[in-house]
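Chemist:
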Amino acid sequence: FFSGVCSPSPRAMYFALRVAVTMAILSTAVLYPPLIRLLDGKGSWAIITGVVMSERTVGLVFQKGVYRVVGTVVGCLAVLLSLYLLDLVALVLGEDSEVCVLVALVAVVSGAVYHGKTQRLFAKYDYAFFVTALTYDYLLLHSFQYHRTSHLNMYEEAHVTWYRILSICYAVAVVMLVHVFVFPDYAGDYLLQALPERMLKTAHCIEQTIDHWLEGARLATPLQLHQAPPGLDGDPVWDTLMASVGTASLTGRSAEAAAAKAAAAEPR
Numbered sequence: 003f004f005s006g007v008c009s010p011s012p013r014a015m016y017f018a019l020r021v022a023v024t025m026a027i028l029s030t031a032v033l034y035p036p037l038i039r040l041l042d043g044k045g046s047w048a049i050i051t052g053v054v055m056s057e058r059t060v061g062l063v064f065q066k067g068v069y070r071v072v073g074t075v076v077g078c079l080a081v082l083l084s085l086y087l088l089d090l091v092a093l094v095l096g097e098d099s100e101v102c103v104l105v106a107l108v109a110v111v112s113g114a115v116y117h118g119k120t121q122r123l124f125a126k127y128d129y130a131f132f133v134t135a136l137t138y139d140y141l142l143l144h145s146f147q148y149h150r151t152s153h154l155n156m157y158e159e160a161h162v163t164w165y166r167i168l169s170i171c172y173a174v175a176v177v178m179l180v181h182v183f184v185f186p187d188y189a190g191d192y193l194l195q196a197l198p199e200r201m202l203k204t205a206h207c208i209e210q211t212i213d214h215w216l217e218g219a220r221l222a223t224p225l226q227l228h229q230a231p232p233g234l235d236g237d238p239v240w241d242t243l244m245a246s247v248g249t250a251s252l253t254g255r256s257a258e259a260a261a262a263k264a265a266a267a268e269p270r
């Protein structure tokens with residue numbers, strides 16, 4: 003841990019510098035008066051968005067940016083409908099019943115969203131599900147108190163919600179521009195570097211396996227890949243097999259799969 007902190011890799015320093023520049027730009031949302039007026043004082047939402055969107059590659063940033071905007075819009079629209087429903091409840095059943103309906107709405111909507119997430123109904127949009135639930139829960143509880151004390155109507159609530167969405171869109175645009183034009187780091191470049199090495203390892207594995215077979219040596223079955231058979235400890239062919247298709251390559255394959263998913267969202 004301490005060696006990594008004291009002597010970080012160039013890529014880690016690159017990522018840290020990119021995040022620092024991004025947050026410095028986004029801080030204008032709460033420090034620069036024209037932007038404060040443009041965002042109606044909701045610039046803190048831009049700061050939060052910049053923090054959660056910071057990722058190592060352009061593809062991951064694009065995925066998070068799109069999903070955050072979608073999740074935020076859906077969550078905000080659900081809050082507006084819920085506040086309208088609470089107004090109807092107050093007119094029909096009285097203001098005392100609003101709290102019970104509010105708790106029920108938070109429980110039902112959050113449960114439904116996370117049920118869809120756990121059931122993988124839309125596997126590509128897991129982060130959007132999370133943002134939807136987070137936005138809905140926070141905004142509904144926060145807006146309910148503000149709604150009751152300020153007596154805002156539906157149109158005024160929509161006006162406030164619009165500025166929250168605008169702040170998030172501003173942050174998404176800033177983060178994407180910094181990642182693409184100032185500090186680009188593409189997942190596709192990682193794949194181009196990793197795949198040839200993987201192909202070479204696989205080719206070497208096949209070559210050595212065939213040589214072993216031609217020499218009449220006994221090969222391990224796939225079920226024995228997790229434990230070296232007697233006599234194969236330190237065997238170079240066994241080591242190659244483990245590096246290519248055994249447990250030693252699980253982390254590498256997972257990283258390559260994640261990079262391929264991120265590269266599919268990149269603009270090049």
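For the sequence shown, this note's numbering assigns the number 3 to the initial residue and increments by one for each residue that follows.
The C-beta atom is built at its ideal place from N, Cα and C for all residues, glycine as well.
Everything numeric in this text was worked out from a predicted model, so none of it was measured.
#1: For M55, count neighbouring C-beta atoms within 10 Å of its own C-beta (all shown protein chains included) and say buried if the count is 16 or more, exposed if not.
#2: What three-state label does DSSP hand P35 in the structure shown?
#3: Going straight from the alpha carbon of K263 to that of Q147, what length do you get?
#4: By how many angstroms is the C-alpha of Y127 removed from the C-alpha of H228?
#5: CB L28 to CB V176, shorter than 8 angstroms?
#6: Would you call the CB atoms of A2 and G61 closer than 8 angstroms?
#7: Between the alpha carbons of L41 and R122, how many angstroms are there, rounded?
#8: Just to confirm, is the Cβ distance from I272 to R39 under 8 angstroms?
#9: Taking C-alpha atoms, which residue in R13, V94, C102 and H161 lies nearest to E57?
#10: Measure the CB-CB distance between V76 and T163 and report whether it falls below 8 angstroms.
#11: Using only the alpha-carbon positions, how far apart do M109 and Y138 sit?
#12: Identify, in the order they occur along the chain, each residue of the same chain with its Cβ nearer than 6 angstroms to the Cβ of G73, setting aside the five sequence neighbours on each side.
#13: Between the alpha carbons of S46 and V101, how many angstroms are there, rounded?
#14: Run through DSSP, which three-state label would T30 get?
#15: Below 8 angstroms between beta carbons: does that hold for Q65 and A267?
#16: Can V76 be considered in contact with the ligand MN, in the sense that its beta carbon sits closer than 7 angstroms to one or more heavy atoms?
#17: Of all the options Q195, L88 and A160, which has the alpha carbon lying nearest to the alpha carbon of L104?
#18: Note down, in chain order, each residue of its chain lying with its Cβ closer than 6 angstroms to the Cβ of L37, except the 5 sequence neighbours on either side.
#19: On the CB-based measure, 16 or more other CB atoms within 10 Å of its CB, does M178 come out buried or exposed?
#20: Just verifying my parser: in three-state terms, what is the DSSP assignment at E97?
#21: Alpha carbons only, please: which of V53, A48, H117 and S145 is nearest the one belonging to L83?
Modeler: Result, derived from the coordinates:
#1: Reading the sequence shown from its first residue, position 53 is the one you call residue 55. So M55 ends up on the buried side.
#2: One-based indexing of the sequence shown puts residue 35 at position 33. Helix.
#3: Counting from 1 along the sequence shown, the entry for residue 263 is found at position 261. Counting from 1 along the sequence shown, the entry for residue 147 is found at position 145. Straight across, the Cα-Cα distance linking K263 with Q147 is about 41 angstroms.
#4: Start at 1 with the first residue of the sequence shown, and residue 228 comes out as number 226. Start at 1 with the first residue of the sequence shown, and residue 127 comes out as number 125. Legend: pLDDT at H228 = 46, less than 50; position of this residue unreliable, no value from coordinates given.
#5: Within the sequence shown, the letter at position 26 stands for residue 28. Within the sequence shown, the letter at position 174 stands for residue 176. Closer than 8 angstroms, so yes.
#6: Nothing in the structure corresponds to residue 2, since the chain is present only between 3 and 270.
#7: In the sequence shown, counting from the first residue as 1, residue 41 sits at position 39. In the sequence shown, counting from the first residue as 1, residue 122 sits at position 120. Computed Cα separation, rounded: 35 angstroms.
#8: One cannot answer for residue 272 here, as it falls past the ends of the chain, which runs 3 to 270.
#9: The sequence position of residue 57 within the sequence shown is 55, counting from 1. Ranked by how close their Cα comes to the Cα of E57, the residues R13, V94, C102 and H161 have R13 in first place.
#10: Your numbering for residue 76 matches position 74 in the sequence shown. Your numbering for residue 163 matches position 161 in the sequence shown. It is not a contact, given that the beta carbons lie outside the stated cut-off.
#11: Counting from one through the sequence shown, the residue named residue 109 turns up at place 107. Counting from one through the sequence shown, the residue named residue 138 turns up at place 136. Contrary to the premise, residue 109 reads as Ala rather than Met in this sequence. If I take the Cα positions, the gap works out to 11 angstroms.
#12: Working through the sequence shown from its first residue, we reach residue 73 at position 71. These residues qualify, in order along the chain: A130, V133 and T134.
#13: What you label residue 46 is simply residue 44 of the sequence shown in a count that begins at 1. What you label residue 101 is simply residue 99 of the sequence shown in a count that begins at 1. Rounded to the nearest angstrom, the two C-alpha atoms are 28 angstroms apart.
#14: In the sequence shown, the residue the question calls residue 30 occupies position 28. In the structure shown, T30 sits in a helix (DSSP, three-state: H, G or I).
#15: As a first step, residue 65 must be located in the sequence shown, where it is residue number 63. As a first step, residue 267 must be located in the sequence shown, where it is residue number 265. A267 sits close to Q65, with the two beta carbons spaced by under 8 angstroms.
#16: By its list of ligands, the structure shown contains no ligand whatsoever, and the ligand MN lies outside what it can speak to.
#17: Position 102 of the sequence shown, counting from 1, holds the residue named residue 104. Measuring from the Cα of L104, the nearest candidate turns out to be L88.
#18: Locating residue 37 in the sequence shown gives position 35, where the first residue counts as 1. T30 and A31, listed in sequence order.
#19: The residue given as residue 178 occupies position 176 in the sequence shown. Result: buried.
#20: Taking the first residue of the sequence shown as 1, we reach residue 97 at position 95. Helix, per DSSP.
#21: Stepping through the sequence shown from its first residue, residue 83 is reached at position 81. Ranking the options by Cα distance to L83, first place goes to S145.
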